[in-house]
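From first to last, the protein sequence lines are chains A and B. The UniProt record's numbering applies: residue 1 is where the first sequence begins, and numbers increase by one. The UniProt record's numbering applies: residue 1 is where the second sequence begins, and numbers increase by one.
There are 2 protein chains.
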Amino acid sequence: MKDVAARAGVGLKTVSRVVNEEAGVTPDTVARVQAAIDALGFRRNDSARLLRTRRTSSVGLVLEDLADPFYAPLSRAVEDVARSHGALLFTGSSAEDPRREQELVLAFCARRVDGLVVVPASDDHRYLAPEMEAGVATVFVDRPAGRVDADVVLTDNAGGTRDGVAHLIAHGHRRIGFIGDQPSIHTANERLRGYREAMANAALPVLPQWYAMGPTTPDRVRAALAVMLSGPEPVTALFAGNNRVTVTAVRVLSDHPRPVALVGFDDFELADLLSPPVTVVAQDAPGLGRTAAQLLFRRLDGLTTDAPTRTELPARLIPRGSGEIPPSS
Amino acid sequence: MKDVAARAGVGLKTVSRVVNEEAGVTPDTVARVQAAIDALGFRRNDSARLLRTRRTSSVGLVLEDLADPFYAPLSRAVEDVARSHGALLFTGSSAEDPRREQELVLAFCARRVDGLVVVPASDDHRYLAPEMEAGVATVFVDRPAGRVDADVVLTDNAGGTRDGVAHLIAHGHRRIGFIGDQPSIHTANERLRGYREAMANAALPVLPQWYAMGPTTPDRVRAALAVMLSGPEPVTALFAGNNRVTVTAVRVLSDHPRPVALVGFDDFELADLLSPPVTVVAQDAPGLGRTAAQLLFRRLDGLTTDAPTRTELPARLIPRGSGEIPPSS
DNA sequence: CTGAAAGCGCTTACAG
DNA sequence: CTGAAAGCGCTTACAG
Numbered sequence: 001m002k003d004v005a006a007r008a009g010v011g012l013k014t015v016s017r018v019v020n021e022e023a024g025v026t027p028d029t030v031a032r033v034q035a036a037i038d039a040l041g042f043r044r045n046d047s048a049r050l051l052r053t054r055r056t057s058s059v060g061l062v063l064e065d066l067a068d069p070f071y072a073p074l075s076r077a078v079e080d081v082a083r084s085h086g087a088l089l090f091t092g093s094s095a096e097d098p099r100r101e102q103e104l105v106l107a108f109c110a111r112r113v114d115g116l117v118v119v120p121a122s123d124d125h126r127y128l129a130p131e132m133e134a135g136v137a138t139v140f141v142d143r144p145a146g147r148v149d150a151d152v153v154l155t156d157n158a159g160g161t162r163d164g165v166a167h168l169i170a171h172g173h174r175r176i177g178f179i180g181d182q183p184s185i186h187t188a189n190e191r192l193r194g195y196r197e198a199m200a201n202a203a204l205p206v207l208p209q210w211y212a213m214g215p216t217t218p219d220r221v222r223a224a225l226a227v228m229l230s231g232p233e234p235v236t237a238l239f240a241g242n243n244r245v246t247v248t249a250v251r252v253l254s255d256h257p258r259p260v261a262l263v264g265f266d267d268f269e270l271a272d273l274l275s276p277p278v279t280v281v282a283q284d285a286p287g288l289g290r291t292a293a294q295l296l297f298r299r300l301d302g303l304t305t306d307a308p309t310r311t312e313l314p315a316r317l318i319p320r321g322s323g324e325i326p327p328s329s
Numbered sequence: 001m002k003d004v005a006a007r008a009g010v011g012l013k014t015v016s017r018v019v020n021e022e023a024g025v026t027p028d029t030v031a032r033v034q035a036a037i038d039a040l041g042f043r044r045n046d047s048a049r050l051l052r053t054r055r056t057s058s059v060g061l062v063l064e065d066l067a068d069p070f071y072a073p074l075s076r077a078v079e080d081v082a083r084s085h086g087a088l089l090f091t092g093s094s095a096e097d098p099r100r101e102q103e104l105v106l107a108f109c110a111r112r113v114d115g116l117v118v119v120p121a122s123d124d125h126r127y128l129a130p131e132m133e134a135g136v137a138t139v140f141v142d143r144p145a146g147r148v149d150a151d152v153v154l155t156d157n158a159g160g161t162r163d164g165v166a167h168l169i170a171h172g173h174r175r176i177g178f179i180g181d182q183p184s185i186h187t188a189n190e191r192l193r194g195y196r197e198a199m200a201n202a203a204l205p206v207l208p209q210w211y212a213m214g215p216t217t218p219d220r221v222r223a224a225l226a227v228m229l230s231g232p233e234p235v236t237a238l239f240a241g242n243n244r245v246t247v248t249a250v251r252v253l254s255d256h257p258r259p260v261a262l263v264g265f266d267d268f269e270l271a272d273l274l275s276p277p278v279t280v281v282a283q284d285a286p287g288l289g290r291t292a293a294q295l296l297f298r299r300l301d302g303l304t305t306d307a308p309t310r311t312e313l314p315a316r317l318i319p320r321g322s323g324e325i326p327p328s329s
């Protein structure tokens, strides 16, 4: 910029005015400065600019896994909102590791992002309190914040699961299994709660071998399912606690001698092409991202200084066939 | 930092030393500075630091769509490599719009990212030449750079398609259709080329109504397929030019009276659960991202100053059933 | 309409 | 082992 000023024979401030398209510069001067800019191939250094203006026009997004089909549309929605507000997006995956989440969040804060959208991997975000007090707007999405007061945008996990399990009960099932993700994950627990509530609402018992929580690896799901499907009181229907469980369940059940009804939490692309087509409880992944990002920018733009809010988006039951199979015995 | 120095009763430089864990500070001084840091809740401003050190330790990733199941693992791979080099990642979606690509790239450059990984939406990247000369390392991935000399990492699209079509020919097909993405997209053309080559290698004709290029919307694919499947010389097999085409083709073909063989470019999660299971030519999406990012950091770390390279990763045919259906007439 | 001075928060290069 | 000065590339607040 100094070079441009020298070459155009003007002051630094005038170059700044031209670069920022501020009013009040003679067309003649503008032309001279512009010529110098072009000749020198000058491009403004936004990092320096932002040091002075105290706004970086960037937000950080921390999620579980960029490559996860559920989070991909969520991050795209956050990007779209950020873009419409002129902000760039830092992204990072926590891989479900609280330490990594914290590293990423603090690295983003050290770059002085204006705000953060975080899918928590940790259940304790007190490390963020000083940053939030220092003015970093923060919205938690998909899972609640831990030990810190902040905006939260969630899916109604318990309600969605309740609906799904009630749907199975309505189709005559009495022995219904549930396979969920690790109990350390909030959404996994909420879904388990929904399952229990639906069973209780129908005055149905829940035997200990009917539900299993843990890693959603194919082996673990296979093993859990084998237990539920054997013994004197095998389940006639299964509620799969997420995407990955559903996929493995479809594989296992297609080899099973008796038909078993299936409802899965989370929709997935080819669910309607499988045989039978898979009934799911669908979340609104883009809606989560969009809502969270809009909340963030409302705070950043000073449009609201209300106390932190908690938003719950509904989940939607989509009957396709697998959830309407009657009990087999 | 000034406040910390004042409170600890030391110079600015000493605080800097402690913050950066440089050697040569009395343990006693370190303790005093650390106490002041904690008391004030001081966190180093990396933006300011980077203004001085001239390295931002960040890279920009521009791709077609963050939410696309093909690009999600690619971006995750780039993130992992960046992370292992201590760099943060800016991400953005071009939505196949050259202007948006340029906006994003230049915005990243204005923030002075150290390097860029770009999935081109444009076929002219001369706008990037000044930035590259100014030292922004750039690697293009999935599609080649346009009118600029840079590192490129591609899938062998023509070769993969050739293998897939040859596979159909080996199973007795003579009339084979091809539905591809818009001809403005490089990979779409390469795949069309592979189709033509495979047919030519087998001395088979290609009728004009057997291939169609255009948007991969369900309606367009349906219409194109209807044309190929009707008339006096209907195709007995289809090569689908990408993921989205394959999915629509599966839907249409499952309703079709005669069995039609299908091979699709790109693998997708439940391909083996459909009936028939879908034979695909699979790309290595994480491999593309990893290779591109490694190349980028090799340049950034000054480990290589060779001329730009062109890397082609092989695509792999995965027979599952749909590609092994014999001709029906 | 234009510009010189001060400063954003840090590091570099130097001196003690 | 420690610190004062200068500067990274820009903007803010002011004066002319």
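Glycine included, C-beta positions come from ideal geometry on N, C-alpha and C.
Item to check | Nonlocal neighbours in the same chain, by C-beta distance under 6 angstroms from B:D151, ignoring five residues either side | outcome: V139, L295, P308, T309.
Checklist entry - Does the beta carbon of A:F178 sit closer than 9 angstroms to a beta carbon anywhere in chain B? => result No, A:F178 does not count as interfacial toward chain B.
Checklist entry - Of the choices B:L89, B:S93, B:S94, B:A95, whose alpha-carbon is the least far from that of A:S93? => result B:L89
Next on the checklist: Beta-carbon within less than 6 angstroms of B:T236's beta-carbon, same chain only, minus the 5 sequence neighbours each way: which residues are those?
Outcome noted: H173, R175, P327, S328
Checklist entry - To which residues of the same chain is A:D65 closer than 7 angstroms at the C-beta, ignoring the five residues directly before and after it? => result Same-chain partners within the cutoff: Y71, S93, A95.
Checklist entry - Would A:L74 be called buried (16 or more neighbouring beta carbons within 10 Å of its own) or exposed? => result The residue is buried, with at least 16 neighbouring Cβ atoms inside 10 Å.
Item to check | Those residues which DSSP pairs with B:I318 across a bridge | outcome: B:V280
Item to check | Spatial distance of A:H167 from A:I179 (CA atoms) | outcome: 17 angstroms
Checklist entry - Which same chain residues, not among the five before or five after B:L225, have their C-beta less than 6 angstroms away from its C-beta? => result Exclusion of the five residues before and after B:L225 leaves V252 as the residues of its chain whose Cβ lies within less than 6 angstroms of its Cβ.
Checklist entry - Any idea if A:G135 is buried or exposed, counting beta-carbon neighbours within 10 angstroms, 16 or more meaning buried? => result exposed
Next on the checklist: Considering Cα atoms alone, identify which of A:L128, A:E269, A:S230, A:I325 is closest to A:A145.
Outcome noted: A:L128
Checklist entry - The beta strand (DSSP E) spanning A:Y211 covers which residue range? => result 211 to 213
Checklist entry - Would you say B:F108 faces chain A, with C-beta separation under 9 angstroms as the test? => result yes
Checklist entry - Along the chain, which unbroken stretches of the alpha helix (DSSP H) at least 4 residues long are found entirely within the segment 173 to 238 of chain B? => result 186 to 201, 218 to 229
Checklist entry - Nearest-angstrom Cα distance between B:P276 and A:G321? => result 19 angstroms
Checklist entry - For the beta strand (DSSP E) that B:S58 lies in, which residues bound it at each end? => result 58 to 63
Item to check | Enclosing beta strand (DSSP E) for B:S93 [first to last residue] | outcome: 88 to 93
Next on the checklist: Could you give the first and the last residue of the continuous beta strand (DSSP E) run that contains B:A137?
Outcome noted: Its beta strand (DSSP E) spans residues 137 to 141.
Checklist entry - If the cut is a Cβ gap below 9 angstroms, which residues of chain B does A:V247 touch? => result E269, L270, L273
Checklist entry - Who are the near neighbours of B:T56 in its chain, counting only those whose CB is closer than 8 angstroms to its CB and skipping five residues on each side? => result Within the same chain, L50, R111, R112, V113, D114 come within 8 angstroms of B:T56 by CB-CB distance, once the 5 residues on both sides are set aside.
Checklist entry - Is B:V206 closer than 9 angstroms to B:R220 when the C-beta atoms are compared? => result With contacts defined by Cβ atoms closer than 9 angstroms, B:R220 and B:V206 do not form a contacting pair.
Checklist entry - Should A:I185 and A:D267 be called a contact, given that it needs their Cβ atoms to be closer than 9 angstroms? => result no
Item to check | Span of the alpha helix (DSSP H) around B:G164 | outcome: Start and end: 157 to 170.
Item to check | Reference B:A77, options B:T217, B:T291, B:S230, B:R244, closest by Cα | outcome: B:T291
Checklist entry - If B:V153 and B:L288 are in contact, beta carbons under 8 angstroms, what's the gap, nearest whole angstrom? => result 6 angstroms
Checklist entry - Are the CB atoms of B:V260 and B:V280 nearer to each other than 9 angstroms? => result no
Checklist entry - So what's A:A261 in DSSP terms, helix, strand or just coil? => result DSSP places A:A261 in strand when its eight states are reduced to three.
Item to check | Under 7 angstroms (Cβ pairs) to chain A, residues found in the segment 90 to 117 of chain B | outcome: So the list reads F90, T91, G92, S93, A107, C109, A110, R111, R112, given in the order they occur along the chain.
Checklist entry - Bridge partners of B:E312, per DSSP? => result Its beta-bridge partners are B:L154.
Next on the checklist: Under 7 angstroms, CB to CB, which of the residues in the segment 73 to 90 of chain B have a partner in chain A?
Outcome noted: Within the segment 73 to 90 of chain B, the residues whose Cβ lies closer than 7 angstroms to some Cβ of chain A are P73, S75, R76, E79, L88, L89, F90, listed in chain order.
Next on the checklist: Suppose the cutoff is 8 angstroms on Cβ atoms and the five residues either side in sequence are ignored; what does the same chain contact list for A:G160 look like?
Outcome noted: R191, G194, F265, V281, Q283, P314, A315, R316, L317
Next on the checklist: Could you check whether the Cβ of B:S254 sits closer than 9 angstroms to any Cβ belonging to chain A?
Outcome noted: yes
Checklist entry - Looking only at DSSP bridge pairs, what is A:V118 linked to? => result A:V62, A:F140
Item to check | Classification of A:R52 by the beta-carbon crowding that lies within 10 angstroms, buried from 16 upward | outcome: exposed
Item to check | Any C-beta of chain A under 9 angstroms from that of B:D65 | outcome: yes
Next on the checklist: Quick check: the Cα distance between A:I169 and A:T155, rounded to an integer number of angstroms?
Outcome noted: 23 angstroms
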